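Below: the structure, in structure tokens.
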Amino acid sequence: MRNFLLTLTFFCFVSGLFAQKIVKDHYTISGGLLGAMNIDKFRMDGDNLTEIEYQAKAGWSAGAWVNLPMGKVFSVDVQPMYNLYVYRSNVTTNILESGTIGYLSIPVLLKIHMGSKFALTVGPQFDFTASVDDQSGNASSATTDDFASASTAVSAGLEIMPHDRITIFGRYVYGLTDMDERTLTPDDGAEYYNQNVQVGVKLKLFGKHIDADSDGDGISDPTDACPTVFGFERYAGCP
């Protein structure tokens, strides 16, 4: 009976060793809130017979973000937000001389981590026109029907301290959709594309870094005196 108990105890001990989970150094899913300032205007293209030009004006953005890790180098950031863009132009014969447009936007960004201090971001942005406030005082005011209800853009940018509680980010957004949905006779040939520079701050509310546990003994490598050999806490991670 004694030999049986010793054998059973040894079997349970060895099984416990192999049952330990080896953990790699990684980040968990994270997320939080963000706010930003936009410097935006319509980028004019097409024939633009009346030489319409827009001035760069300041608007704002607010929303949330979720980051999905795909290893230590790559991750995906999804950032649902509300953008308020401000427009001012040099002539009255255009889609919006003076006013604001609100957009519900969803950037989906591939984040490339350049170490712990910097990350590059690139990806598409999907915009949905939510509101139009024509402040020009013209007899015929612009409405949401005059603008594309859905549009796309591409963006590229930089994040500073992407894993910290507070992250500073900046990016350039280049619109791909002509926002003019009016039916004009004759057509002035102008095409209106959004473009803006966005600078803001991200606040992390959840998510953390998990240190590696190479031997699966439950003691993380930075505090494990024997990080590649299964050990015990009372021996600082050594057998």
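For the sequence shown, my numbering begins at 1420 and goes up steadily by one. Cβ coordinates follow ideal geometry from the N, Cα and C atoms, glycine included. Here the structure is a predicted model, which is why all the values come from computation and not from measurement.
State whether the stretch 1548 to 1555 contacts the stretch 1513 to 1527, with contact taken as three or more CB pairs (one from each stretch) at a distance under 8 Å.
By the criterion of at least three beta-carbon pairs nearer than 8 Å, the stretch 1548 to 1555 is in contact with the stretch 1513 to 1527.
Given Leu1503, which residues of its chain have a CB within under 7 Å of its CB, disregarding the five upstream and five downstream residues?
The count along the sequence shown starts at 1 and reaches residue 1503 at position 84. If we look at Leu1503 and ignore the five residues flanking it on each side, its Cβ neighbours are Gly1478, Trp1479, Thr1519, Gly1521.
By a C-beta neighbour count over all protein chains shown, 10 Å radius and 16 as the cutoff for buried, is Ala1455 buried or exposed?
Indexing the sequence shown from 1 puts residue 1455 at position 36. Answer is buried; the Cβ neighbour count reaches 16.
Thr1563, DSSP secondary structure in three states
Against the sequence shown, residue 1563 aligns to sequence position 144. In the structure shown, Thr1563 sits in a helix (DSSP, three-state: H, G or I).
Considering only the beta carbon of each residue, do Val1661 and Ile1587 sit closer than 8 Å?
With the chain running from 1420 to 1658 in the structure shown, residue 1661 is simply not present.
Measuring alpha carbon to alpha carbon, tell me which of Phe1537, Ile1448, Thr1447, Gln1544 ends up nearest Tyr1591.
As a working note, residue 1591 is residue 172 in the sequence shown. Of the candidates Phe1537, Ile1448, Thr1447, Gln1544, the one whose C-alpha sits nearest the C-alpha of Tyr1591 is Gln1544.
May I ask you to report which of helix, strand or coil DSSP gives Val1497?
For the purposes of this step, residue 1497 is taken as the residue at position 78 of the sequence shown. The answer is strand: DSSP assigns Val1497 an E or B state.
Let me know the secondary structure DSSP gives Gln1554 once reduced to three states.
The residue labelled residue 1554 in the question sits at position 135 within the sequence shown. It is coil, neither helix nor strand.
For Asn1509, count neighbouring Cβ atoms within 10 angstroms of its own Cβ and tell me buried if that reaches 16, exposed if not.
Reading the sequence shown from its first residue, position 90 is the one you call residue 1509. Under this definition Asn1509 is an exposed residue.
Can you tell me which residues form a DSSP beta bridge with Val1691?
The requested residue 1691 does not occur in the structure, where the chain is confined to residues 1420 to 1658.
Measuring only from the beta carbon, is Lys1621 closer than 7 Å to any heavy atom that is part of the ligand NAP?
This structure does not include the ligand NAP; it has no bound ligands of any sort.
Can you list, in chain order, the residues of its chain whose CB lies under 8 Å from that of Tyr1501, leaving out five sequence neighbours each side?
Sequence index remark: in the sequence shown, residue 1501 carries index 82 (1-based). A distance below 8 Å between beta-carbons, with the five flanking residues on each side excluded, links Tyr1501 to the following residues of its chain, in chain order: Ser1480, Ala1481, Gly1482, Gly1521, Tyr1522, Leu1523, Ser1524, Ala1549.
List the DSSP bridge partners of Ser1517.
By one-based count along the sequence shown, residue 1517 stands at place 98. Partner(s): Arg1507.
Is it buried or exposed for Ile1471, if we count other Cβ within 10 angstroms and need 16 for buried?
Here the question's residue 1471 lines up with position 52 in the sequence shown. When all chains shown are included, Ile1471 counts as buried.
Let me know the beta strand (DSSP E) ranges lying completely inside the stretch 1433 to 1490, each 3 residues or longer, listed in chain order.
1449 to 1465, 1476 to 1488
What's the C-alpha gap between Tyr1446 and Phe1537?
Translated into positions along the sequence shown, residue 1446 becomes position 27. Translated into positions along the sequence shown, residue 1537 becomes position 118. Taking the straight line from one Cα to the other gives about 15 Å.
Buried or exposed, going by whether 16 or more other CB atoms sit within 10 Å of the CB of Gly1594?
For the purposes of this step, residue 1594 is taken as residue 175 along the sequence shown, with counting starting at 1. By the 10 Å Cβ count, Gly1594 comes out buried.
Cutoff 6 Å; reference Leu1622; Cβ partners in own chain excluding five residues on either side
Working through the sequence shown from its first residue, we reach residue 1622 at position 203. These residues qualify, in order along the chain: Gly1451, Leu1452.
Pro1571, DSSP secondary structure in three states
Start at 1 with the first residue of the sequence shown, and residue 1571 comes out as number 152. Looking at the sequence provided, one finds Thr at residue 1571 rather than Pro. Three-state result, Thr1571: strand.
Helix, strand or coil: how does DSSP classify Cys1626 here?
The residue labelled residue 1626 in the question sits at position 207 within the sequence shown. The residue asked about is misnamed: residue 1626 is Gly in this sequence, not Cys. Of the three classes helix, strand and coil, the one that applies to Gly1626 here is coil, per DSSP.
Sub-8 Å separation of Asp1459 and Ile1514 beta-carbons:
Numbered from its first residue, the sequence shown carries residue 1459 at position 40. Numbered from its first residue, the sequence shown carries residue 1514 at position 95. Taking 8 Å as the Cβ cut-off, Asp1459 and Ile1514 do not qualify as a contacting pair.
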